[in-house]
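Accompanying notes for the structure given below.
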Amino acid sequence: MPSGPLAKLKKRITARTARIGVIGLGYVGLPLAVEFAKEGFSVTGIDLDRRRVAGVNRARSYILDVESSDLRALRRRRRLRATSSFGVLGSQDAIIICVPTPLRKTREPDMSFILSATEEIAKRVRRGQLIILESTTYPGTTDEVVRPALEARGLKVGKDFCLAFSPERIDPGNATYTTRTIPKVIGGITPLCTRLATALYGSIIHKTVPVSSTKTAEMVKLLENTFRAVNIGLVNEIALICHRLGINVWEVIEAARTKPFGFMPFYPGPGLGGHCLPSDSMYLAWKVRVHGYEARLIELASQINSAMPEYVVERITSALNERRAALKGATILLIGLAYKKDVSDTRDSPAFDVARLLEERGARVAYHDPYVPSAILDEKRRTSTPLSAAVLRRCQCVVILTNHSTVNYDLVLRHAPLIVDTRNQFRARPNRVVSL
Ligand SMILES: NC(=O)c1ccc[n+]([C@@H]2O[C@H](COP(=O)([O-])OP(=O)(O)OC[C@H]3O[C@@H](n4cnc5c(N)ncnc54)[C@H](O)[C@@H]3O)[C@@H](O)[C@H]2O)c1
10 MPSGPLAKLK KRITARTARI GVIGLGYVGL PLAVEFAKEG FSVTGIDLDR RRVAGVNRAR
70 SYILDVESSD LRALRRRRRL RATSSFGVLG SQDAIIICVP TPLRKTREPD MSFILSATEE
130 IAKRVRRGQL IILESTTYPG TTDEVVRPAL EARGLKVGKD FCLAFSPERI DPGNATYTTR
190 TIPKVIGGIT PLCTRLATAL YGSIIHKTVP VSSTKTAEMV KLLENTFRAV NIGLVNEIAL
250 ICHRLGINVW EVIEAARTKP FGFMPFYPGP GLGGHCLPSD SMYLAWKVRV HGYEARLIEL
310 ASQINSAMPE YVVERITSAL NERRAALKGA TILLIGLAYK KDVSDTRDSP AFDVARLLEE
370 RGARVAYHDP YVPSAILDEK RRTSTPLSAA VLRRCQCVVI LTNHSTVNYD LVLRHAPLIV
430 DTRNQFRARP NRVVSL
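Per this note's numbering, the very first residue in the sequence shown carries number 10; after that it's consecutive.
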């Protein structure tokens, strides 16, 4: 049983009177802050990005899965506010860190966001607080990096304050599985840390899954995302093999998925994208390399996935060649810049690599994405080209990179002279459609 300030914290969690600070109001932090606020907690979001802070305070959502009407209701009831000042951290009962964990250019973990958020907490940490890291990171981060920084001023974890890791597993744009309905894995530094963090998440999340340590919880997330990255690498390789053998890979997958056990479908595409999949398994590979082990399968999958944009460009080039046309000087319209269907997130999207490679080979590139009004492609700002019969007829090739639901594919099929389809959008393929 907790005693002293930590016992008080437990009571405040149960009574929904605990104040919760969420550092980082992005795809992960904002939906989480909203769920706690809806449940009656008083939530303060802290973000360095002043536009995001203003967005929350003016109830204008900038995240697809969060409704502005929800922000308005929570602002009216004074349940949610945002600030760029870390001064508020001292008065929070629980602090949840949801900052980015990208890769450096060297493909090593960029821990600078976690480190700077931790330092801000460390300056103000007090007895009776619960600190939770949610950012995806390598096993050992919470215990080896966050904990020493927080204990540096003499407070002891598990006795004075609590510390846990709980990976975020949301899937932006997925209306079926949301922050509330995705089970939450939680690992604390001590059993008390796990219990308090489980009590906190248990108030907003349907199912909590306590595990024995922060390292285990960190590894759970990396297993999940490495599983996806490696399987996508495998199916991308199967796509290359099928092309060489003259077999339709999509038909193979559809038939294989009828097996009721032992098979799970993954689909080929133009490469991995988003803030998570391309980097998460690299966090694991980096960590284990420090321990003298080369994660061969993970590295190989990453190499296959990273080479997919090059393969897509090769397929575009040969499809044009079949029609006695050259890539050099051709106008290519890319459909879908976001890294996945029905979201606006373009971080690490393979579409940018495809665009760059095409332009390096002398093509003129335009794009259409209903979710991305403008973007920087190959160092130049472009705007999304509205789809019309005339636009489609003017280009030599249309490439489906992300198959957003709202695109008018009938129009594309009627007017595009040639389509390279990396997502199997056009299942019944006339001659003008080249499938991955
Ligand atoms: N996006 C996803 O689908 C997803 C899913 C599961 C897990 N994750 C993980 O969650 C973490 C956050 O990802 P995200 O997609 O929400 O990122 P994001 O870029 O959308 O949001 C992060 C926010 O943190 C802010 N920030 C950065 N450093 C800060 C600091 N020191 N203090 C205060 N604010 C700071 C940024 O301004 C930004 O608004 C990452 O580790 C990611 O891997 C993301």
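Positions of the beta carbon are idealized from the N, C-alpha and C atoms, including for glycine.
- Going straight from the alpha carbon of R432 to that of T199, what length do you get? The residue labelled residue 432 in the question sits at position 423 within the sequence shown. The residue labelled residue 199 in the question sits at position 190 within the sequence shown. About 46 Å.
- Query: Below 7 Å between beta carbons: does that hold for H377 and S393?
  - Reply: Translated into the one-based positions of the sequence shown, residue 377 becomes position 368. Translated into the one-based positions of the sequence shown, residue 393 becomes position 384. In this structure, the beta-carbon distance from H377 to S393 falls below 7 Å.
- Item | V400 versus E368 - alpha carbon distance | Along the sequence shown, read from residue 1 onward, the residue named residue 400 stands at position 391. Along the sequence shown, read from residue 1 onward, the residue named residue 368 stands at position 359. Going from the Cα of V400 to the Cα of E368 covers about 19 Å.
- Could you tell me whether the segment 100 to 112 touches the segment 127 to 146, where touching means 3 or more Cβ pairs closer than 8 Å? Touching, per the Cβ criterion.
- Query: Using a threshold of 6 Å, is the CB atom of V281 nearer than that to any non-hydrogen atom of ligand 1?
  - Reply: Stepping through the sequence shown from its first residue, residue 281 is reached at position 272. Looking at the sequence shown, residue 281 is not Val but Leu. Outside the cutoff, so no.
- Task: Taking A42 as part of the alpha helix (DSSP H), name the residues at either end of that continuous run.
- Result: Translated into positions along the sequence shown, residue 42 becomes position 33. Start and end: G38 to K47.
- Flag this pair as touching only if the segment 401 to 418 and the segment 337 to 350 have three or more C-beta atom pairs under 8 Å; answer yes or no. Touching, yes.
- Message: Going by C-alpha to C-alpha distance, which of T411, G30 and D430 sits closest to P379?
- Response: In the sequence shown, counting from the first residue as 1, residue 379 sits at position 370. Here the closest residue by C-alpha is T411.
- Is A16 near G54, with beta carbons less than 7 Å apart? The sequence position of residue 16 within the sequence shown is 7, counting from 1. The sequence position of residue 54 within the sequence shown is 45, counting from 1. Result no, Cβ atoms of A16 and G54 do not sit closer than 7 Å.
- Work out the CA separation of S70 and V43 for me, nearest whole Å. Within the sequence shown, numbered from 1, the residue matching residue 43 stands at position 34. Within the sequence shown, numbered from 1, the residue matching residue 70 stands at position 61. When the Cα atoms are used, V43 and S70 turn out to be separated by approximately 11 Å.
- Nearest-angstrom beta carbon gap, I313 and E246 [assumed within contact, 8 Å]: The residue labelled residue 246 in the question sits at position 237 within the sequence shown. The residue labelled residue 313 in the question sits at position 304 within the sequence shown. Yes, E246 and I313 are in contact; Cβ-Cβ is about 5 Å, under 8 Å.
- Mind pulling the alpha helix (DSSP H) runs of 4 or more residues that sit fully within the segment 244 to 279? Under the rule that a run must span 4 or more residues, the alpha helix (DSSP H) segments found entirely inside the segment 244 to 279 read 258 to 265.
- Message: Closer than 8 Å is the cut-off here; do at least three beta carbon pairs connect the segment 231 to 243 with the segment 282 to 293?
- Response: The segment 282 to 293 and the segment 231 to 243 touch, with three or more beta-carbon pairs separated by less than 8 Å.
- Item | Nearest candidate by alpha-carbon position, reference T146, set I29, C285 and N417 | Numbered from its first residue, the sequence shown carries residue 146 at position 137. Cα-wise, what sits closest to T146 is C285.
- Task: Check the C-beta distance from A126 over to V108 and give it rounded, since I have them as a contact under 8 Å.
- Result: Locating residue 126 in the sequence shown gives position 117, counting from the first residue. Locating residue 108 in the sequence shown gives position 99, counting from the first residue. About 5 Å separates the two Cβ atoms, so the contact holds.
- Secondary structure at K389, three-state DSSP: helix, strand or coil? Looking up residue 389 in the sequence shown gives position 380. Residue state for K389 is assigned as strand, using DSSP reduced to three classes.
- For K193: DSSP bridge partner residues: Along the sequence shown, read from residue 1 onward, the residue named residue 193 stands at position 184. Beta-bridge pairing by DSSP links K193 to T217.
- Item | Uninterrupted alpha helix (DSSP H) stretches inside the segment 49 to 78 (no shorter than 4 residues) | 59 to 66, all fully within the segment 49 to 78.
- Give every residue of the same chain whose Cβ lies closer than 6 Å to the Cβ of V218, excluding the five residues on either side of it in the sequence, and list them in chain order. Counting from one through the sequence shown, the residue named residue 218 turns up at place 209. Leaving aside the five residues that flank V218 on each side, the residues in its chain whose CB is nearer than 6 Å to its CB run, in chain order, P192 and V194.
- Item | Per DSSP, the bridge partner or partners of Y376 | The residue you call residue 376 lines up with position 367 of the sequence shown. Beta-bridge partners assigned by DSSP to Y376: L343.
- Task: Would you kindly work out how many angstroms separate the C-alpha atoms of R436 and A425, rounded to a whole number?
- Result: Sequence index remark: in the sequence shown, residue 436 carries index 427 (1-based). Sequence index remark: in the sequence shown, residue 425 carries index 416 (1-based). Whole-angstrom Cα-Cα distance: 16 Å.
- Item | DSSP-derived helix/strand/coil call for L209 | Mapped onto the sequence shown, residue 209 falls at position 200. In the displayed model, L209 falls within a helix according to three-state DSSP.
- Query: Since L172 sits in a beta bridge, which residues does DSSP pair it with?
  - Reply: For this step, residue 172 is matched to residue 163 along the sequence shown. DSSP lists I140 as the beta-bridge partner residues of L172.
- Would you call the CB atoms of A158 and G197 closer than 7 Å? Position 149 of the sequence shown, counted from the first residue, corresponds to residue 158. Position 188 of the sequence shown, counted from the first residue, corresponds to residue 197. Not closer than 7 Å, so no.
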